[in-house]
Amino acid sequence: MSAMSNDCELDFLMMGNLDLSKSLETQLKAVIDRLPNYRLPNSYDEIEDSQFKRDFLQNINGKLEDHIPSLRCMDNPCFDNELFDDLQSKHQKPSFKQMLAIRSSLPVFKMRSTIILMVQSSQVMLISGETGCGKTTQVPQFILDYFISTRKGSSCKIMCTQPRRISAISVAKRVAAERGEILGQSTGYKIRLEEEYPRDRASITFCTTGVILRKMQSDPFLTEYSHIILDEIHERGIEADFLITLLKQVMRKRKDLRIILMSATLNAKSFWSYFGNCPHLNINSNTYSVEKYFLEDVIEKIKFEFLPASKVELEGPAAEKQKEFDSIIKPYIEELQTNNKYDEQVYKQISNINSEELNILLIFNLLEYICFKVRTTWNML
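Note that UniProt numbering numbers the sequence shown so that position 96 is 96, with each residue one more than the last.
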């Protein structure tokens, strides 16, 4: 196997906390063997020896650095100025200011300057923070907005991996909305058999791990991209681990490439050590408050009324069920009335035995209320 293949396989097998079965090793080797430009020399044994054959084999089996293409200069001062003016204009819009205020409440936003400094000074960094801290949606935007605000937007192109197809789509839509845009401008996504690409430069593309691996088959060095963000790396899988192994090889020669690893847990020591004890930032999420709502709150907000129980339902076995329900609900209602928490209409509805059943209309009305009456808060769900 070529130098590249040997290095990749060795690195992959040395990475911590991996127990590879025989079948998994076979899969890994199959993936490595499918990589373009790296073929076993004995694959061409049937071809008669010649100078052309020797030159050809030397070309396809050379070291990794021998295959680095000449990177094109993507700087575009005119486009940089347009991007800068557009961002400044957005900051004057009330809708953008409102969205920015919501973004600013996320725990990760307080670490914005620190993250930018770490990305500037380190080729690889690890960010850990609990689900809900905002790292998935905000970190790519921090990087992009920094480049745009310093009039270097055209030299920024970010690819961010997600573990699932639905995540790539939903996160892309959310980020586009936060930027006051529609998909296809600065933000887009690419999954198998479906895509909504963003503009070519000054952009963020959310994709699955398989997409970036397929991209590397034609462009092993990801020369189009300035930043690669690997999100949810704690969800270990053969594709994600293999991608990390390849990126470690690539970054040795692409010194301009920045790699950001993101995890929802602190248990990421294997990745931290694998990249030579790279800088690690932990985001505390204890400032993100959650308010709980109960059935009584929902009934009060949407003014919902359950269908009354029929007379048939109050006879026979149903009567026993009603009696048991009353013995539980009446003391609870008395407690609520003592604290004067709700109006009488709410007590009337929760005393209806039908309130215990799954009610599709209630769910529909609640979703309608959230989407059309409290949508401006965005974090209601």
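C-beta atoms are modelled at their ideal positions from N, C-alpha and C, and glycine is treated no differently.
Since residue i and residue j should fall inside the 8 Å C-beta cutoff, what is the C-beta to C-beta distance between them, to a whole number of angstroms?
{"i": "SER128", "j": "ASN354", "result": "Between ASN354 and SER128 the Cβ distance is about 46 Å, and since that is not below 8 Å, they are no contact."}
{"i": "ARG174", "j": "THR137", "result": "6 Å"}
{"i": "PHE206", "j": "CYS160", "result": "5 Å"}
{"i": "GLN123", "j": "ARG258", "result": "6 Å"}
{"i": "ILE260", "j": "VAL119", "result": "7 Å"}
{"i": "ILE169", "j": "CYS156", "result": "ILE169 to CYS156, Cβ: 22 Å. No contact."}
{"i": "ILE329", "j": "SER351", "result": "6 Å"}
{"i": "GLY180", "j": "LYS97", "result": "Their Cβ separation, rounded to whole angstroms, is 10 Å, which puts GLY180 and LYS97 out of contact at 8 Å."}
{"i": "ILE172", "j": "TYR189", "result": "Contrary to the premise, residue 172 reads as Ala rather than Ile in this sequence. Yes, ALA172 and TYR189 are in contact; Cβ-Cβ is about 4 Å, under 8 Å."}
{"i": "VAL374", "j": "GLU296", "result": "About 17 Å separates the two Cβ atoms, so there is no contact after all."}
{"i": "PRO140", "j": "ILE191", "result": "Actually they are not in contact, since the Cβ atoms of PRO140 and ILE191 sit about 17 Å apart, beyond 8 Å."}
{"i": "PHE325", "j": "GLU356", "result": "7 Å"}
Using 9 Å as the threshold, is the C-beta distance between residue i and residue j below it?
{"i": "ALA202", "j": "HIS234", "result": "no"}
{"i": "LEU83", "j": "ILE148", "result": "yes"}
{"i": "ILE158", "j": "ILE244", "result": "no"}
{"i": "PRO279", "j": "MET111", "result": "no"}
Please return the same chain residues whose Cβ sits closer than 8 Å to the Cβ of residue i, not counting the five positions on each side in sequence.
{"i": "ALA177", "result": "MET99"}
{"i": "ASP343", "result": "GLU300"}
{"i": "ILE116", "result": "PHE142, ILE143 and TYR146"}
So, at 7 Å on beta carbons, what are the nonlocal neighbours of residue i in its own chain, with the 5 sequence-adjacent residues on each side left out?
{"i": "LYS135", "result": "VAL108, ILE127, GLY129, MET262 and ILE283"}
{"i": "SER154", "result": "MET74, ASP75, ASN76, PHE79, ASP80, ARG201 and ALA202"}
{"i": "SER95", "result": "GLY180"}
{"i": "THR114", "result": "LEU281"}
{"i": "ASN365", "result": "ILE302 and PHE304"}
{"i": "LEU361", "result": "none"}
{"i": "LYS152", "result": "ASP80"}
{"i": "ARG72", "result": "Because ARG72 carries a pLDDT of 47, less than 50, the predicted location of this residue cannot be relied on, and the following value inherits that uncertainty. Hits under 7 Å: none found."}
From residue i to residue j, what does the alpha carbon distance come to, in whole angstroms?
{"i": "ILE238", "j": "THR209", "result": "10 Å"}
{"i": "ILE166", "j": "PHE306", "result": "35 Å"}
{"i": "LYS248", "j": "LEU230", "result": "13 Å"}
{"i": "LYS348", "j": "SER285", "result": "40 Å"}
{"i": "SER246", "j": "ARG103", "result": "Note on residue identity: the sequence assigns Leu, not Ser, to residue 246. Going from the Cα of LEU246 to the Cα of ARG103 covers about 34 Å."}
{"i": "LEU367", "j": "GLN88", "result": "35 Å"}
{"i": "ARG252", "j": "PHE221", "result": "11 Å"}
{"i": "SER186", "j": "PRO163", "result": "21 Å"}
{"i": "ASP145", "j": "GLU195", "result": "23 Å"}
{"i": "LYS90", "j": "PHE294", "result": "38 Å"}
{"i": "LEU150", "j": "ALA240", "result": "One detail in the question is off: residue 150 reads as Thr in this sequence, not Leu. Roughly 33 Å separates the two Cα atoms."}
{"i": "CYS371", "j": "VAL298", "result": "14 Å"}
{"i": "ARG236", "j": "LYS323", "result": "52 Å"}
Of all the CB atoms in chain D, is at least one closer than 9 Å to the CB of residue i?
{"i": "LEU243", "result": "Absence of chain D from the displayed structure is noted, only one protein chain being present."}
Give me, in chain order, the residues of the same chain whose beta-carbon lies closer than 6 Å to that of residue i; leave out the 5 immediate sequence neighbours on both sides.
{"i": "GLU232", "result": "PRO163"}
{"i": "PHE275", "result": "VAL124"}
{"i": "ILE363", "result": "none"}
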